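Asks: Protein chains in written order, with full-length UniProt numbering: chain A, 1 to 508; chain B, 1 to 438. C-beta atoms are modelled at their ideal positions from N, C-alpha and C, and glycine is treated no differently. Computed from a predicted structure; not experimentally measured.
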Amino acid sequence: MTTTSDAPKAGFRPSQLIYDTRYRSLTIQVIAFIALMLGLSWLVSNTIANLSALGKDFDFGFLGQRAGYDINQRLIEYDSASTHGRAALVGILNTLLIAVLGCALATVVGVLAGVLRLSKNWLVAKLMAVYVEGFRNIPVLLWILLIFALMTEATPQPRDFREGGDASMILGDTIAITNRGVFIPAPFWGAGAGILLAVFLVSLVAIFFWRRYAHRTQEQTGRILPIGWGTLGLLIVPTAVAFLALGMTSGRVTQPVLATGATEGMTLTDYAASQQTINACAVPFSTESLNLRRLMRSQEIRFNYVAVEDAAGALAALEAGNCNILSLPASVDLATVPAGAVALSDTIRRGMPVEFERPVLGGFNFEGGLQLRNSLIALWLALSLYTGAFIAENVRGGILSVSKGQTEAAYALGIKPSRTMRLVILPQALRVIIPPMISQYLNLTKNSSLAIAVGYMDVRSTLGGITINQTGKELEGMLLLGLFYLVTSLIISSAMNLYNSRVKLKER
Amino acid sequence: MSDTHAQTVSFVRESMIPQSEPPAGNRGAVLWMRENLFSGWFNIITTLISLYVIWWALSHTMPWVIRGIWDASSLTECREIRDATLPEGTSAACWAVLTDRWQQLMFGFYPRELYWRPVLSLIIFLAAIAPVLFPHTPRKALALTAISPFVMFWLLWGGSVWFPVSVALGFVLGWAAWRALAPLAGTLIASIVAAALPIIYWLYTAGPLARELEQAVALSIEYVPSQDFGGFMLSFIIGIAGIILSLPLGILLALGRQSDLFIINKISVGFIEIIRGVPLIVWLFTASLLLNYFLPPGTNFDLMLRVIIMVTLFAAAYIAEVVRGGLAALPKGQYEGADSLGLSYWQSMRLIILPQALKISIPGIVNTFIGLFKDTTLVVFIGLLDPIGLSNAIRASTEWNGIYWELFVFIGLLFFICCFSMSRYSLYLEKKLQRGHN
Numbered sequence: 001m002t003t004t005s006d007a008p009k010a011g012f013r014p015s016q017l018i019y020d021t022r023y024r025s026l027t028i029q030v031i032a033f034i035a036l037m038l039g040l041s042w043l044v045s046n047t048i049a050n051l052s053a054l055g056k057d058f059d060f061g062f063l064g065q066r067a068g069y070d071i072n073q074r075l076i077e078y079d080s081a082s083t084h085g086r087a088a089l090v091g092i093l094n095t096l097l098i099a100v101l102g103c104a105l106a107t108v109v110g111v112l113a114g115v116l117r118l119s120k121n122w123l124v125a126k127l128m129a130v131y132v133e134g135f136r137n138i139p140v141l142l143w144i145l146l147i148f149a150l151m152t153e154a155t156p157q158p159r160d161f162r163e164g165g166d167a168s169m170i171l172g173d174t175i176a177i178t179n180r181g182v183f184i185p186a187p188f189w190g191a192g193a194g195i196l197l198a199v200f201l202v203s204l205v206a207i208f209f210w211r212r213y214a215h216r217t218q219e220q221t222g223r224i225l226p227i228g229w230g231t232l233g234l235l236i237v238p239t240a241v242a243f244l245a246l247g248m249t250s251g252r253v254t255q256p257v258l259a260t261g262a263t264e265g266m267t268l269t270d271y272a273a274s275q276q277t278i279n280a281c282a283v284p285f286s287t288e289s290l291n292l293r294r295l296m297r298s299q300e301i302r303f304n305y306v307a308v309e310d311a312a313g314a315l316a317a318l319e320a321g322n323c324n325i326l327s328l329p330a331s332v333d334l335a336t337v338p339a340g341a342v343a344l345s346d347t348i349r350r351g352m353p354v355e356f357e358r359p360v361l362g363g364f365n366f367e368g369g370l371q372l373r374n375s376l377i378a379l380w381l382a383l384s385l386y387t388g389a390f391i392a393e394n395v396r397g398g399i400l401s402v403s404k405g406q407t408e409a410a411y412a413l414g415i416k417p418s419r420t421m422r423l424v425i426l427p428q429a430l431r432v433i434i435p436p437m438i439s440q441y442l443n444l445t446k447n448s449s450l451a452i453a454v455g456y457m458d459v460r461s462t463l464g465g466i467t468i469n470q471t472g473k474e475l476e477g478m479l480l481l482g483l484f485y486l487v488t489s490l491i492i493s494s495a496m497n498l499y500n501s502r503v504k505l506k507e508r
Numbered sequence: 001m002s003d004t005h006a007q008t009v010s011f012v013r014e015s016m017i018p019q020s021e022p023p024a025g026n027r028g029a030v031l032w033m034r035e036n037l038f039s040g041w042f043n044i045i046t047t048l049i050s051l052y053v054i055w056w057a058l059s060h061t062m063p064w065v066i067r068g069i070w071d072a073s074s075l076t077e078c079r080e081i082r083d084a085t086l087p088e089g090t091s092a093a094c095w096a097v098l099t100d101r102w103q104q105l106m107f108g109f110y111p112r113e114l115y116w117r118p119v120l121s122l123i124i125f126l127a128a129i130a131p132v133l134f135p136h137t138p139r140k141a142l143a144l145t146a147i148s149p150f151v152m153f154w155l156l157w158g159g160s161v162w163f164p165v166s167v168a169l170g171f172v173l174g175w176a177a178w179r180a181l182a183p184l185a186g187t188l189i190a191s192i193v194a195a196a197l198p199i200i201y202w203l204y205t206a207g208p209l210a211r212e213l214e215q216a217v218a219l220s221i222e223y224v225p226s227q228d229f230g231g232f233m234l235s236f237i238i239g240i241a242g243i244i245l246s247l248p249l250g251i252l253l254a255l256g257r258q259s260d261l262f263i264i265n266k267i268s269v270g271f272i273e274i275i276r277g278v279p280l281i282v283w284l285f286t287a288s289l290l291l292n293y294f295l296p297p298g299t300n301f302d303l304m305l306r307v308i309i310m311v312t313l314f315a316a317a318y319i320a321e322v323v324r325g326g327l328a329a330l331p332k333g334q335y336e337g338a339d340s341l342g343l344s345y346w347q348s349m350r351l352i353i354l355p356q357a358l359k360i361s362i363p364g365i366v367n368t369f370i371g372l373f374k375d376t377t378l379v380v381f382i383g384l385l386d387p388i389g390l391s392n393a394i395r396a397s398t399e400w401n402g403i404y405w406e407l408f409v410f411i412g413l414l415f416f417i418c419c420f421s422m423s424r425y426s427l428y429l430e431k432k433l434q435r436g437h438n
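Pasting the structure below:
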């Protein structure tokens with residue numbers, strides 16, 4: 001507060017520290033600072049006393065120790081021999097995975113619901129109001145538990161998918177929803193996957209330049225180029241052409257299946273009959289591994305799967321005797337193949353750049369494909385629907401905040417309704433919508449710590465859960481956990497501030 | 001009309017015909033349906049899709065709800081009744097779990113014969129909060145509001161009446177010190193003494209004083225330990241205690257964040273951002289795992305109290321941001337007007353700024369409270385028996401093993417009723433507080 005008083009007549013007197021507003025603020029700050037420091041030192045000295053009483057020390061060495069527990073969902077290599085630090089990293093990636101998936105779905109749901117709640121159709125508007133109010137007014141934990149219970153209790157077991165069972169896969173036998181999780185087709189990468197990716201990236205760059213060119217042309221000449229169709233075409237056509245071309249050429253190449261202890265030209269069936277066990281070496285998620293597996297399955301051969309890094313690794317594993325059958329790209333010189341491995345009469349196709357493997361019903365469960373665990377699905381759906389309800393309200397408020405005169409003025413200028421929405425309404429509404437939407441993303445990320453309710457292994461369950469229980473390092477573990485969340489939210493909120501200052505109305 | 005005109009025209013109606021209704025297709029329900037449901041082909045399709053969705057949802061749930069069985073003592077008995085009375089393959093809810101266990105869901109393991117105590121506290125709470133929420137009630141009632149927390153505490157936990165009384169005395173002491181010192185030594189010294197004196201009193205005198213008084217006049221009711229608290233009662237206690245305690249702290253933090261004093265400002269910003277950046281569940285684990293490390297060796301206090309402290313700190317950070325919004329929304333002229341009247345900082349805050357800022361912030365505070373009330377379900381993870389914790393306990397019993405949906409529906413419905421009515425109240429406030437300009 002700006003309060004001025006008369007200039008002091010004499011020199012400085014100690015009483016001015018209390019009664020003179022110019023010095024008083026200093027006094028208050030010094031007192032507050034001393035109080036803060038005293039409080040902190042009290043806490044720290046208590047903590048030191050308590051730790052020494054318990055015989056514990058304060059160090060982060062446990063992060064380098066062997067974790068000794070398994071994590072059922074991981075995005076990077078991890079097993080029980082890995083360190084606690086790596087377990088924490090797996091947890092962090094799982095948290096980020098659910099956050100990204102959740103934010104994406106919540107945005108879609110929220111924008112749809114928010115727009116539909118403004119629909120002229122009474123029934124649709126009311127349905128959306130029921131959705132929004134229902135999700136906003138019931139704890140998210142209850143929704144997570146409810147959806148998890150739905151996924152585990154009300155979905156069919158894998159054995160119901162057998163002949164005569166009452167369950168069936170959906171979308172042309174590609175997706176199976178079971179009480180053990182949702183099984184979806186898994187992508188396998190073949191020769192030319194890198195080229196395909198490069199083509200896709202180049203077309204993204206091309207889209208960027210096309211849009212810039214179109215905008216510039218419009219500003220300079222007034223000619224309107226088809227931005228939307230151009231973008232769509234650039235996005236799809238080059239990648240599709242590359243995919244087909246690669247599939248027609250390298251995809252049709254066949255390659256031999258090599259086996260140790262076989263004679264030249266033996267069939268796979270005979271070979272399998274001559275061997276006790278079959279261990280197949282293959283690179284995970286490569287089309288060779290997929291096609292080799294398909295070949296084995298078609299002949300009903302049981303085999304073990306040995307994962308290797310690359311073709312050289314496969315050869316090394318073959319030489320070491322870890323596996324006795326493998327298939328190599330035709331480019332590999334057969335002379336480098338260790339002695340004793342010969343080609344069988346069966347061959348496999350090299351495969352398209354990307355192929356999808358459908359889940360199929362195996363002995364007790366579905367095999368192949370990707371398994372999305374119920375914990376992931378329940379957490380994802382519940383968080384997205386819950387946050388989506390809040391985003392819907394933000395979207396509705398944002399659209400309502402643009403005054404009707406703006407639309408009318410745009411119509412008066414002869415601008416089409418679709419273009420009015422894109423050029424007049426949305427830019428103004430987004431200014432209102434995006435800041436609260438980002439804080440909803442932040443809430444979703446923080447709410448993902450409710451993974452504990454369904455046993456999803458996020459960072460709280462690994463670093464803040466099992467690791468703490470095993471090492472007894474509560475203080476260090478919780479500190480790191482808190483820091484992770486703090487840094488995440490500071491990053492998100494600084495992104496929001498950046499956006500806010502960019503779109504702020506320029507005022508005096 | 002002139003007479004001549006009447007003769008030249010062969011027919012002129014001399015009386016007005018009564019106003020007639022619009023055609024049947026253009027009024028009432030038909031018009032409404034045409035405008036709102038069937039105004040174009042696109043609208044017709046969306047209406048049909050919505051109708052299908054509603055039918056699908058209702059046809060899958062309503063029979064289950066309506067056929068529900070209310071009178072049974074276990075899930076197996078429920079199923080037997082269902083198989084005996086209903087055709088094979090039909091599903092029916094087993095609401096009997098609610099008739100059997102509703103008291104547990106509401107009160108946890110609170111002694112049955114003492115249920116009147118939490119109910120009475122709730123009534124006292126509602127009576128105490130009325131003067132705050134509705135401006136028409138007499139101002140004198142605010143004095144009762146100030147006493148009510150101690151009465152509610154005593155009713156809920158029971159034990160000697162002297163403990164809450166001696167705690168309340170601390171506040172009286174602080175207030176008396178302020179009143180006595182402020183005219184003599186100035187506000188700064190007075191407020192420091194008024195803050196320090198009660199703390200010293202609570203640390204050293206309050207306990208022995210309560211014990212002495214207890215021995216002199218034993219006034220006590222049956223003591224109920226915190227472990228017996230549960231169900232919605234627990235959610236209410238944590239939520240209400242959290243919001244009431246966090247309000248003053250939140251207002252102070254908001255003022256600190258707006259303050260020109262560098263250190264005060266940075267302390268407030270740091271506190272608010274750290275608390276808001278970390279999820280509540282991490283703070284709750286901190287309360288249950290770590291709080292003992294930060295306190296003098298040997299201190300060990302109630303888990304529920306620790307949770308209330310954490311929830312209070314958590315809510316205070318959120319309320320601070322809401323109040324800051326209210327402070328920022330006031331026109332600068334209000335601050336300058338207060339300064340030009342020669343009011344001191346606290347006078348201008350108390351008399352000019354806060355009454356207006358808080359009024360603007362009430363809807364936001366209510367929304368924070370709704371969020372806090374929903375978040376009380378998280379205490380299940382540190383072992384307190386909130387409704388969700390109790391539903392797990394009920395499911396673990398032999399009679400009700402395997403019952404899910406009925407409990408979820410009941411808990412969800414109760415939360416919905418509470419939160420929805422609060423959000424309606426905040427909407428009502430928002431409408432009421434809007435002054436002109438539209």
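1. Whose C-beta lies closer than 7 Å to the C-beta of Leu450 of chain A among residues of the same chain, with five residues either side of it excluded?
2. Across which residues does DSSP place Gly159 of chain B in a beta bridge pair?
3. Residues of chain A with a CB under 8 Å from the CB of Thr47 of chain B: which are they?
4. With DSSP as the reference, label Asn438 of chain B as helix, strand or coil.
5. Mapping DSSP to helix, strand and coil, what is Gln65 of chain A?
6. Identify the residues that DSSP records as bridge partners of Glu319 of chain A: which are they?
7. With distances taken from CA atoms, which of B:Asp83, B:Leu184, B:Met152, B:Leu197 is nearest Gly174 of chain B?
8. Of all the residues that make up the stretch 278–292 of chain B, which are near chain A by a beta-carbon distance shorter than 9 Å?
9. Could you tell me which of A:Gln299, A:Tyr78, A:Val202, A:Ile325 sits nearest to Ala262 of chain A, measuring between CA atoms?
10. Can you determine whether any heavy atom of the ligand ATP sits closer than 7 Å to the C-beta of Ala312 of chain A, and answer yes or no?
11. So is Asn438 of chain B buried or exposed if we call it buried at 16+ other beta carbons inside 10 Å?
12. Just mark Arg508 of chain A as buried or exposed, buried being the case when its beta carbon has 16 or more other beta carbons within 10 Å.
13. Could you give the distance in angstroms between the alpha-carbon of Met1 of chain B and the alpha-carbon of Met16 of chain B?
14. Measuring only between beta-carbons, confirm whether Phe314 of chain B sits less than 8 Å from chain A.
15. Establish whether the CB of Gly186 of chain B and some CB of chain A are separated by less than 8 Å.
16. Just verifying my parser: in three-state terms, what is the DSSP assignment at Gly181 of chain A?
17. What residues in the stretch 127–151 of chain A bring their beta carbon closer than 8 Å to a beta carbon of chain B?
18. Applying the 10 Å Cβ sphere with the 16-neighbour rule, what's the burial state of Thr387 of chain A?
19. Quick one: list the residues of chain B neighbouring Gly464 of chain A, beta-carbon separation under 8 Å, in chain order.
20. Which residue wins for smallest C-alpha separation from Glu309 of chain A, given the options A:Met296, A:Val283, A:Ser289, A:Leu292?
21. Under the three-state reduction of DSSP, which class applies to Pro256 of chain A: helix, strand or coil?
22. Does Ile491 of chain A come within less than 8 Å of chain B when only Cβ atoms are used?
23. What does the Cβ neighbour count give for Gln73 of chain A, buried or exposed, with the cut at 16 atoms within 10 Å?
24. Of all the CB atoms in chain A, is at least one closer than 8 Å to the CB of Val53 of chain B?
25. Give the residues from the stretch 25–47 of chain A that approach chain B closer than 7 Å (Cβ to any Cβ), ordered along the chain.
26. Just grab the DSSP bridge partners of Thr83 of chain A for me.
27. Anything in the stretch 478–503 of chain A with a Cβ closer than 7 Å to a Cβ of chain B? List those residues in chain order, please.
28. Is it buried or exposed for Gln299 of chain A, if we count other Cβ within 10 angstroms and need 16 for buried?
29. What residues of chain A sit near Ser423 of chain B, judged by a beta carbon separation below 9 Å?
30. Name the two residues that bound the continuous beta strand (DSSP E) containing Phe371 of chain A.
31. For Gly158 of chain B and Tyr110 of chain B, which I take to be in contact (beta-carbon distance under 8 Å), what is that distance rounded to the nearest angstrom?
32. Within this structure, are the beta carbons of Leu376 of chain A and Tyr456 of chain A separated by less than 8 Å?
33. Anyone know if the C-beta pair for Ile353 of chain B and Ala329 of chain B falls short of 8 Å?
Replies: Considering the structure as presented:
1. The residue labelled residue 450 of chain A in the question sits at position 450 within the first sequence. Cβ neighbours of Leu450 of chain A beyond the five flanking positions: Val140, Leu141, Ile144.
2. As a first step, residue 159 of chain B must be located in the second sequence, where it is residue number 159. Note: Gly159 of chain B sits in a beta bridge opposite B:Ile221.
3. Within the second sequence, numbered from 1, the residue matching residue 47 of chain B stands at position 47. The contacting residues are Asn121, Leu123, Val124.
4. Reading the second sequence from its first residue, position 438 is the one you call residue 438 of chain B. Below a pLDDT of 50, predicted positions are generally treated as unreliable, and Asn438 of chain B, at 42, falls in that range; the measurement from the model is reported next regardless. Asn438 of chain B: coil per DSSP, three-state reduction.
5. In the first sequence, counting from the first residue as 1, residue 65 of chain A sits at position 65. Here Gln65 of chain A sits in coil by DSSP.
6. Taking the first residue of the first sequence as 1, we reach residue 319 of chain A at position 319. BP columns for Glu319 of chain A are empty, so no partner.
7. In the second sequence, residue 174 of chain B corresponds to position 174, counting from 1. Per the Cα distances, B:Leu197.
8. Val278, Pro279, Leu280, Ile281, Val282, Trp283, Phe285, Thr286, Leu289, Leu290, Asn292
9. By 1-based counting over the first sequence, the position of residue 262 of chain A is 262. For Ala262 of chain A, the nearest C-alpha among the options comes from A:Ile325.
10. Only the bare structure without any ligand can be found here, which leaves the ligand ATP out of the picture.
11. The count along the second sequence starts at 1 and reaches residue 438 of chain B at position 438. Because Asn438 of chain B sits at a pLDDT of 42, beneath the cut-off of 50, its placement in the model cannot be relied upon, and the following sentence gives the value as read from the coordinates. Exposed, because fewer than 16 other Cβ atoms sit within 10 Å of the Cβ of Asn438 of chain B.
12. Taking the first residue of the first sequence as position 1, residue 508 of chain A is located at position 508. At Arg508 of chain A, the pLDDT of 47 sits below 50, so the modelled position is not reliable; the number obtained from the coordinates is stated separately. Exposed, by the Cβ-count rule.
13. As a position in the second sequence, residue 1 of chain B is number 1, starting the count at 1. As a position in the second sequence, residue 16 of chain B is number 16, starting the count at 1. For Met1 of chain B, the predicted model reports a pLDDT of 48, less than 50, meaning its position is unreliable; a value from the coordinates is still stated below. Those two C-alpha atoms are separated by around 14 Å.
14. In the second sequence, counting from the first residue as 1, residue 314 of chain B sits at position 314. Chain A, which has no Cβ nearer than 8 Å to the Cβ of Phe314 of chain B, makes this no.
15. In the second sequence, residue 186 of chain B corresponds to position 186, counting from 1. Chain A, which has a Cβ nearer than 8 Å to the Cβ of Gly186 of chain B, makes this yes.
16. Here the question's residue 181 of chain A lines up with position 181 in the first sequence. In the structure shown, Gly181 of chain A sits in a strand (DSSP, three-state: E or B).
17. Leu127, Glu133, Gly134, Arg136, Asn137, Ile138, Pro139, Val140, Leu141, Leu142, Leu145, Leu146, Ala149
18. The residue given as residue 387 of chain A occupies position 387 in the first sequence. Buried is the call here.
19. Translated into the one-based positions of the first sequence, residue 464 of chain A becomes position 464. Here the neighbours are Val282, Phe285.
20. Counted from its first residue, the first sequence places residue 309 of chain A at position 309. Checked all of A:Met296, A:Val283, A:Ser289, A:Leu292; the closest Cα to Glu309 of chain A is A:Val283.
21. The sequence position of residue 256 of chain A within the first sequence is 256, counting from 1. DSSP places Pro256 of chain A in strand when its eight states are reduced to three.
22. For the purposes of this step, residue 491 of chain A is identified with residue 491 of the first sequence, where counting begins at 1. It does not: the Cβ of Ile491 of chain A has no partner Cβ on chain B nearer than 8 Å.
23. The residue labelled residue 73 of chain A in the question sits at position 73 within the first sequence. Classification for Gln73 of chain A: buried.
24. For the purposes of this step, residue 53 of chain B is identified with residue 53 of the second sequence, where counting begins at 1. It does; some Cβ of chain A falls within 8 Å.
25. Ser25, Ile28, Gln29, Ala32, Phe33, Leu36, Leu43, Asn46, Thr47
26. As a working mapping, residue 83 of chain A is identified with position 83 in the first sequence. Bridge partners of Thr83 of chain A: A:Arg66.
27. Met478, Leu481, Gly482, Tyr485, Leu486, Ser489, Leu490
28. Start at 1 with the first residue of the first sequence, and residue 299 of chain A comes out as number 299. Per the 10 Å Cβ criterion, exposed.
29. Numbered from 1 along the second sequence, position 423 holds the residue referred to as residue 423 of chain B. Ordered by position in chain A, the residues that pass the 9 Å Cβ test against Ser423 of chain B are Glu133, Arg136, Asn137.
30. The residue given as residue 371 of chain A occupies position 371 in the first sequence. According to the sequence as given, residue 371 of chain A is Gln; it is not Phe. Its beta strand (DSSP E) spans residues 370–372.
31. Numbered from its first residue, the second sequence carries residue 158 of chain B at position 158. Numbered from its first residue, the second sequence carries residue 110 of chain B at position 110. About 10 Å; that fails the 8 Å criterion.
32. The residue you call residue 376 of chain A lines up with position 376 of the first sequence. The residue you call residue 456 of chain A lines up with position 456 of the first sequence. Yes, they are a contact pair.
33. Mapped onto the second sequence, residue 353 of chain B falls at position 353. Mapped onto the second sequence, residue 329 of chain B falls at position 329. Taking 8 Å as the Cβ cut-off, Ile353 of chain B and Ala329 of chain B do not qualify as a contacting pair.
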